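Okay, structure first, notes after.
Numbering (this note's numbering), first residue to last: 19 to 556.
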């Protein structure tokens with residue numbers, strides 16, 4: 019059996035292996051995930067979903083577990099203020115601590131590798147769909163649907179089974195080949211249902227199956243494969259809009275590849291078989307509409323998208339790229355990706371591509387990089403980009419999602435300059451405070467010392483750290499403490515009292531007299547304490 023498509027136990031098998039254990043571990047898992055939320059009072063939405071889940075009967079909890087897990091995972095990884103886990107770390111932890119839950123077919127999908135996950139999601143959609151279809155088709159079609167059902171449920175062990183709809187396809191040996199075959203099966207199944215049930219009923223069956231899968235697994239990066247299996251004529255902006263930019267790009271490239279294959283097949287028929295040719299022309303039209311739809315959605319994505327083939331030739335750009343670089347679309351189509359790079363990066367890019375094809379290792383793919391781009395007018399600007407690789411059959415595509423960060427860099431430069439100016443100003447201020455002979459101090463709203471300058475040490479012979487955090491009244495002569503409190507109360511009323519002479523105690527228990535000037539200390543429009551200067555007069 020293919021390692022990348024390990025067959026999963028059915029729900030009945032999993033339940034028989036330990037239903038009570040699964041129930042107990044499900045509760046423990048949700049309790050564990052809840053305990054990782056650093057601020058539950060701020061996570062009201064996710065906490066209410068957890069509370070609702072705990073009230074469900076065990077059988078419903080098993081069904082709802084994958085969807086709730088993915089929502090909590092997304093919160094912990096992306097929104098929680100502590101962000102204790104990456105997605106990979108959390109999944110590894112859960113898989114290790116709650117291993118028996120991996121017997122649950124609907125839950126274990128989340129913890130599979132990317133290729134395995136794509137195949138299982140595809141199979142799950144088709145399973146859901148064929149079960150719905152079996153409940154509505156008439157008796158005369160039962161045998162046909164029984165054969166399709168067996169084929170879908172036996173995946174990937176189908177050596178002895180006939181491929182549905184008489185498709186003359188070899189048994190797939192790679193994940194990409196499996197996806198291509200399942201896409202064809204899905205499309206054929208739709209048109210078959212349309213013939214026997216009508217367009218509305220066929221569309222309804224697909225829509226219901228899609229919604230059920232989407233409600234649970236939409237947060238998965240591989241969910242785009244479910245959209246890929248949907249018939250082209252059922253795709254709309256609502257479905258596509260649920261995908262991330264990367265998922266949209268992946269489906270788009272697969273649709274382009276699918277269209278190219280149809281074009282090739284259409285050319286090969288050469289008018290020999292009119293029925294086959296007509297069928298391919300219809301498929302070509304619907305595929306073209308699907309490609310146009312995905313391209314229009316890509317144009318609404320905020321980031322710039324550019325896709326090149328293995329030779330570095332540009333095959334796709336969205337409107338944001340055209341705005342960023344100042345080109346028209348026809349000026350970039352078919353050109354080398356290097357036209358978007360300053361000269362100094364081009365040789366490095368070529369060597370990097372050669373190394374990647376030789377070793378399959380890259381320091382750039384999957385990483386978020388800060389580099390420079392070159393506009394049509396040859397001006398160079400900073401940009402942030404991330405490169406991803408997509409393999410469709412035996413073809414490789416590279417997609418870069420990028421942002422022009424010129425304004426951010428400008429703001430950062432200005433902020434750094436302001437920060438440097440403030441630091442220099444603060445250093446001058448601190449230097450001035452440290453060198454003056456007068457005692458400079460700040461007090462909290464409670465009257466405790468917050469800061470004291472070096473003059474305090476020299477004048478009183480106390481160390482500053484001995485008084486920080488202590489009430490200022492403890493260093494004032496008992497006979498002057500009432501007057502000192504009155505001065506401080508005036509300051510708390512946002513008034514500036516007149517200078518006053520107060521006696522303060524030295525470490526030797528001798529008293530010296532100082533003239534005190536004290537004023538309110540205001541920050542962001544709020545009083546935070548008091549600031550004062552004491553000049554020794556006797």
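Every residue, glycine too, gets a C-beta built ideally from N, C-alpha and C.
The structure presented is a predicted model; accordingly, all values stated were derived computationally and were not measured.
In this structure the region 381 to 391 lies against the region 399 to 408, because at least three pairs of beta carbons, one per stretch, are closer than 8 angstroms. When the five nearest sequence neighbours on each side are left out, the beta carbons in the same chain lying within less than 6 angstroms of the beta carbon of residue 325 are those of 333, 334, 415, 417, in order along the chain.
When 363, 364, 360, 331 are compared, the shortest CA-CA separation from residue 348 is found for 331.
It is roughly 19 angstroms from the alpha-carbon of residue 151 to the alpha-carbon of residue 173. Shown here, residue 400 sits in a strand according to DSSP, grouped into three states. The continuous stretches of beta strand (DSSP E) do not include residue 514, and DSSP gives it neither H nor E. The secondary-structure analysis by DSSP pairs residue 460 across a beta bridge with 469, 549. Residue 126 holds the alpha-carbon nearest to the alpha-carbon of residue 85 among 398, 126, 459.
Going by C-alpha positions, residue 196 is about 27 angstroms away from residue 217. Residue environment: residue 375 is assigned as exposed (fewer than 16 neighbouring CB atoms within 10 Å of its CB, all protein chains considered).
For residue 325, the secondary structure class from DSSP, reduced to helix, strand or coil, is strand.
Taking C-beta atoms under 8 angstroms as the contact rule, residue 43 and residue 119 qualify, at a distance of about 5 angstroms.
In the three-state reduction of the DSSP assignment, residue 70 falls in the helix class, which pools H, G and I. In this model, residue 471 and residue 70 are separated by some 58 angstroms (Cα to Cα). Rounded to whole angstroms, residue 540 and residue 546 show a C-alpha spacing of 6 angstroms. For the set 520, 511, 346, the Cα lying nearest the Cα of residue 501 is the one of 520. Nearest C-alpha to residue 473 among 455, 489, 487, 466: 455. Per DSSP, the beta bridge partners of residue 537 are 549. Here the alpha carbon of residue 533 sits roughly 6 angstroms from the alpha carbon of residue 517. Measuring C-alpha to C-alpha distances from residue 213 to each of 181, 159, 242 identifies 159 as the nearest. Around the CB of residue 154, fewer than 16 other CB atoms lie within 10 Å, so the residue is classed as exposed. Cβ contact annotation for residue 482 (same chain, cutoff 7 angstroms, sequence separation greater than five): 470, 474, 475, in chain order. When secondary structure is reduced to three states using DSSP, residue 173 falls in the coil class, being assigned neither helix nor strand. By the CB criterion at 7 angstroms, residue 247 and residue 143 fall inside the cutoff. Here DSSP, grouped into helix, strand and coil, assigns residue 248 to coil.
The criterion of a C-beta distance shorter than 7 angstroms is satisfied by residue 468 and residue 460.
With respect to residue 183, residue 206 sits close: the two C-beta atoms are nearer than 7 angstroms.
Restricted to the region 339 to 419, the beta strand (DSSP E) segments that are unbroken, complete and at least 3 residues in length are 386 to 392, 398 to 410, listed in chain order. With fewer than three CB-CB distances shorter than 8 angstroms, the region 223 to 230 does not count as touching the region 176 to 191. Apart from sequence neighbours up to five positions away, the residues of its chain that approach residue 136 with a beta-carbon distance below 6 angstroms are 240, 243, ordered along the chain. In the DSSP assignment, residue 422 forms a beta bridge with 401.
Take residue 233, set aside five residues on each side of it, and the residues of its chain with a beta-carbon closer than 7 angstroms to its own are 85, in chain order.
Looking at the DSSP output, residue 334 shares a beta bridge with 325.
With fewer than 16 neighbouring CB atoms inside 10 Å of its own CB, residue 99 falls in the exposed class. Within the DSSP secondary-structure output, residue 544 pairs in a beta bridge with 541.
Between residue 396 and residue 344, the C-beta gap is not smaller than 7 angstroms, which leaves the two residues out of contact.
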